[in-house]
Structures are given as C-alpha cells and as structure tokens.
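**Q**
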Amino acid sequence: MVLSRAASDTDVSVHSTFASRYVRSSLPRYRMPENSIPKEAAYQIINDELMLDGNPRLNLASFVTTWMEPECDKLIMASINKNYVDMDEYPVTTEFQNRCVNMIAHLFHAPLGESETAVGVGTVGSSEAIMLAGLAFKRRWQNKRKAEGKPFDKPNIITGANVQVCWEKFARYFEVELKEVKLREGYYVMDPEQAVEMVDENTICVAAILGSTLNGEFEDVKRINDLLEEKNKQTGWETPIHVDAASGGFIAPFLYPELEWDFRLPWVKSINVSGHKYGLVYPGIGWCVWRTKEDLPDELIFHINYLGSDQPTFTLNFSKGSSQVIAQYYQLIRHGLEVTSLPHRSGQEDSFGKGADTIYIHTITQGYRNIMENCQENAMVVKEGLEKTGRFNIVSKDEGVPLVAFSLKDHSRHDEFEISDMLRRFGWIVPAYTMPADAQHVTVLRVVIREEFSRTLAERLVLDIDTVMAQLDALPSKLAPPALLPATLPKTVVVANGHVKKTELETQKSVTEAWKKFVLAKKTNGVC
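Structure follows, in structure tokens:
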C-alpha cells in the first residue's frame, strides 16, 4: 500500500519555484500577506520584478557610482551588518572615517599643521553634508549678530538657480531665505558679480557649485572670493563661501590641479563632496570638511568618550551602515593620486645584461588622476561624435565634470524628450530636462560619464543616437498637438497664408511648454 499526503499550505520547501503556487497567485502589494512563503519563492518574486528596472551601468542620468572592484564588494558585504554609530564596538571603522576626513582635507588644501587633525565628518550623502555646513554658517552668523546686539532672525543664503534641490531643502527646513541668482541663455551657472551684489548683512554664506548638475560647469569660486574680499573690507560683514563640490570635488584636484577653488582661497570655510559620485563608492556616502575648528561652532558638536579618548560627532542621522565608509577608505588607499609606470622598452642594456629590446612590464595602478582622465576622454568621444552629426548644440563645457549636455539645433519636428524616450528602447537612460529660471525655454539632454563607461560604450551611444535621429526623421512630427497649440502660441506669432510663422526661439518655448503640460498630465501622485 502506497502512503501519500498532499502538500500543506505551510510547506517551507519548494522543489521547483516556477511550478509552485507561489508564483501563480498574486501577492498583496500594499499590505503584508496573511501567510509566510518559502525563501526561494520570495527571492524569485522580487528578483523577477527587479529585472524591469533599468540597467545601472546604462543609467547615464546619474552621477552615482554603479561599479566597484570585487575586492571592495567583499569588504562591503563583510561590514554590511555594522552600525556606524556603535563606536565603542567598531573603533577601527571610526578610525577609517577619521583617516578619510584627513585625506580629503589635505586634498582640498586645508591649512593644517604637521600633526594637526582635520575637522570634518562622513555623511549619508552631500545633502546631509550641506545641511550640516549650512547649520554651522547660520549658527556662526547668529552668534556674531547677538554679540553685536543686532537682529538675527532673518538669515539668507546666496546661490545660483542651478543648485541641487538639497539647498532648497536646507533653506526651507532651517528657515533661511534662499536668494537665487537667475540664469540666462548661454550662461547656466551663478554669475559672481550678481551673487556678491545680492550679499547683505544677513547673508550667512555664498554657496558656489563646483560642477553644476545641469551642465557640469565649474562656477568661478576664485572670482567670488576676490569680490567678497573687497566687499567684506568695505562693510566688515565677513561673508564666507561654501563650496558644493558634490560632483567636482574628486575631479578638480586631479584634472585641474592649478584651479583655485578650495581652501587656498581665504573665504572658503567649508566644502562638501560626494564619495558616491566621483569618489567611486556606491551610494550613499558624502563628506563635509571645514577650514579650521573655529569655523564649526562647538555647540553643534556632541562629544562621546570611548576607549579613553574623546570622539566628537556632528551628524543629522544616527544609525547608518559602516560599509560605505570602509569602501571609501579602500578607494583612497587603492587608487592614490597617480598612475604608476606603464609598460616600456628600456632603450639600453641594463645592469642585468638585458638588451635594449627588453620590455619591462610594471603593475599598472588605476590612480584617481588616470580614472578622471579616462572619463574626460570618453566625454570628448561622445561630444565629438554628436558634433559630427550636425544635429546638436553642445551646452556643457570642456572644463568641468566629465559629461555632455546637448540640445537639438532644429526643433521644428521633434524635441529632446522624444530622443530620450526613443533611447530607452536601446537600453540607454538619458534624461531630458528644462533649465531653471530664467532659461526655462532651453531643453537639454545630458550624458554623465563615469568610471565604468568605456570607450566602446561611448562610441555605441553615439551610433544609437544617430539611429534614433534617423528613426525620428521617418516619423510624423509629434510637436505642438492641435489641442495644445492655441494655449502655447506666443504673442508674436504672425499668421500668413494659413501658416504659422515663428522664430526658432519661439518654437522652442512653445514646444517646451506643450511637453511640460503633456508630461504633467501623465504623472500620478506618489513619493519621489
């Protein structure tokens, strides 16, 4: 007699995940399920849905690192269960953070003595770093105003309209007026003269961007410093500078070492940088360093005693993982500043009797400078390839973050949003967006070049963009739909013989407005 039994609903093992009932019935999306499911089924269900995400390596919208060496991946996995705030339990991790802070401070030319320790902190990203720097500026300004017996309730900060949203968050969360220098067509960074002109006695700092999110351009920090030097002498205000080097902080020291933007300038008091961008670490890790201890008010610092020493802490977050700090330390000591010797021929007989034709092979270390040079060279490949098509204007600058921002020359039939959408079919994620005030009518596409973006991929991207343009040329124009056209026509339109005549600028403005309305109509409410 054969004994058998039916599998119960609580069986914990699944011999064939795809043949089981767990993948044949839907799970609740916004409520916890009533019953547990086997680990194999849970993994497969999640993994299958994640396949619909974009490929991170082909995500050219992001500045964030998407590839690290396997050895560093091992370190990350080995420390993924460590809570960074447990300093007593993990003192070595704390020491690694302190080493990173000092390395970065020296990289930014902090005026440190031979045995002096740098002032800085590791953060979840540049957003937290900017919040901390902004709080320090606000508190120092308030303390100075109180000592002078003056009002201290209306602080403001000067930025360009091109700043990242974290600056708007800081201003709103911590009740600081944000005074923005507007952009203009052809000039998409903060104008130093306009910025310093807006400075008043309530200005806690001027925030300069080393690597604009919009087009990668470096703002002229030295010019801002020189103008502030004169204004501070005239007024006695002592208005400082913060440099948001989220994108450019790990680029400028290696590609443009002579560029003065950091603590070499006397009014630069703090700098933030994203380790998870060109610091070459997975998200999220950022850093904020101050010029001197006097630039960080002591009342903002909490002190923890452990292992017989004092450990100052200044963060908005409490619990966070240790793995990114360890990964940053790995990258800094792994890559270093330079690239070592390349393979070469000796050219003469050496002391070992080897002939002049002997090839000496040395280990090649991919230093930060070498990596950034590769990124810049691949950006030039993309730029030159786009220029050869004759279809695009290049909006980005050669000096700056290695990216290519570009826009169509002819907007009569198609626009940048269509190109972005069509590139998705090839796997590429290339964003299209409009510029901030007062250049909202300008629409651009942006390709960010990261370490893992090879020459082969750069050439392939250009070919795919060329293919997309040919496909769009074969399609009827989707611009200015009849339902949207009347509402978007500018006042200067001239109608003759039944045809609408507009300048190229007017066409571009109307197209941008039409697409903005179209995109907004498609959007659904949700959490970003």
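Counting in this note's numbering, the sequence shown runs from 366 upward without gaps. By construction, the Cβ of each residue, glycine as well, lies at the ideal position given by its N, Cα and C atoms.
(1) Classify His607 as buried or exposed, calling it buried when 16 or more other Cβ atoms lie within 10 Å of its own Cβ.
(2) Quick one: any contact between the stretch 387-396 and the stretch 595-607, if contact means 3 or more CB pairs under 8 Å?
(3) Look at the alpha carbon of Glu550 and the alpha carbon of Ile759, and state the distance between them as a whole number of angstroms.
(4) From what residue to what residue does the beta strand (DSSP E) around Ser492 run?
(5) For a test of the three-state rule: what should DSSP assign to Ile830, helix, strand or coil?
(6) Leaving out five residues on either side along the sequence, give the residues of the same chain with a beta carbon under 8 Å from the beta carbon of Glu533.
(7) Is it right to say Thr678 is buried, meaning 16 or more other beta carbons lie within 10 angstroms of its own, or is it exposed?
(8) Applying the 10 Å Cβ sphere with the 16-neighbour rule, what's the burial state of Gln689?
(9) Taking only the alpha-carbon atoms, compute the straight-line gap between Glu742 and Pro767 and give it to the nearest angstrom.
(10) Where Val746 and Ser819 are concerned, what is the direct C-alpha to C-alpha distance, given to the nearest angstrom?
(11) Should Ser875 be labelled buried (16 or more other beta-carbon atoms within 10 Å of its own) or exposed?
(12) Looking only at its chain, what residues have a beta carbon closer than 7 Å to the beta carbon of Lys748, apart from the 5 residues adjacent to it on each side?
(13) With a Cβ-Cβ cutoff of 7 Å, do Cys653 and Gly485 count as a contact?
(14) What do you reckon, are the CB atoms on Gly732 and Glu703 nearer than 7 Å?
(15) Check whether the Cβ atoms of Ala804 and Glu781 sit closer than 7 Å, and answer yes or no.
(16) Where does His641 land, buried or exposed, given buried means 16+ other C-beta within 10 angstroms?
(17) Express the C-alpha separation of Leu773 and Ala839 in angstroms, rounding to a whole number.
(18) Take Glu493 and list the residues in its own chain whose beta-carbon comes closer than 6 Å to its own, dropping the five residues that flank it on each side.
(19) Quick check: the stretch 628-648 against the stretch 494-509, are there 3 or more CB pairs under 8 Å?
(20) Have a look at the DSSP bridge pairing and note the partners of Thr600.
(21) I need the DSSP call for Ile698, collapsed to helix, strand or coil.
(22) Round the Cβ separation of Glu594 and Trp655 to the nearest angstrom and send it over; I've been treating them as touching at under 8 Å.
(23) What does the Cβ neighbour count give for Ala470, buried or exposed, with the cut at 16 atoms within 10 Å?
(24) My output table needs one value for Pro398: the three-state DSSP class, helix, strand or coil.
(25) Between which two residues does the beta strand (DSSP E) carrying Ile736 extend?
(26) Roughly how many angstroms separate the alpha carbons of Ile736 and Glu414, rounded to a whole number?
(27) Using the beta-carbon count (16 or more within 10 Å), is Val571 buried or exposed?
(28) Considering only the alpha carbon of each residue, which of Phe473, Arg422, Glu436, Phe757 lies closest to Asp627?
(29) For His776, count neighbouring C-beta atoms within 10 Å of its own C-beta (all shown protein chains included) and say buried if the count is 16 or more, exposed if not.
**A** Result, derived from the coordinates:
(1) Counting every other CB atom within 10 Å of its CB across the protein chains shown gives His607 a total of 16 or more, marking it as buried.
(2) no
(3) 13 Å
(4) For Ser492, no beta strand (DSSP E) segment is defined; the enclosing uninterrupted segment is the alpha helix (DSSP H) at 491-512.
(5) helix
(6) Leu543
(7) exposed
(8) buried
(9) 8 Å
(10) 10 Å
(11) Under the 10 Å beta carbon count, Ser875 is surrounded by 16 or more other beta carbons and is classified as buried.
(12) Ile759, Val769
(13) yes
(14) It is a contact, given that the beta carbons lie within the stated cut-off.
(15) Not in contact: Ala804 and Glu781 (Cβ atoms no closer than 7 Å).
(16) buried
(17) Ala839 and Leu773 have their C-alpha atoms spaced approximately 17 Å apart.
(18) Leu681
(19) yes
(20) In DSSP, Thr600 forms no bridge with anything.
(21) helix
(22) Glu594 to Trp655, Cβ: 20 Å. No contact.
(23) buried
(24) coil
(25) First-last for Ile736: 733-754, but that is the alpha helix (DSSP H), not the beta strand (DSSP E).
(26) If you take the alpha carbons of Ile736 and Glu414, they lie about 34 Å apart.
(27) buried
(28) Phe473
(29) buried
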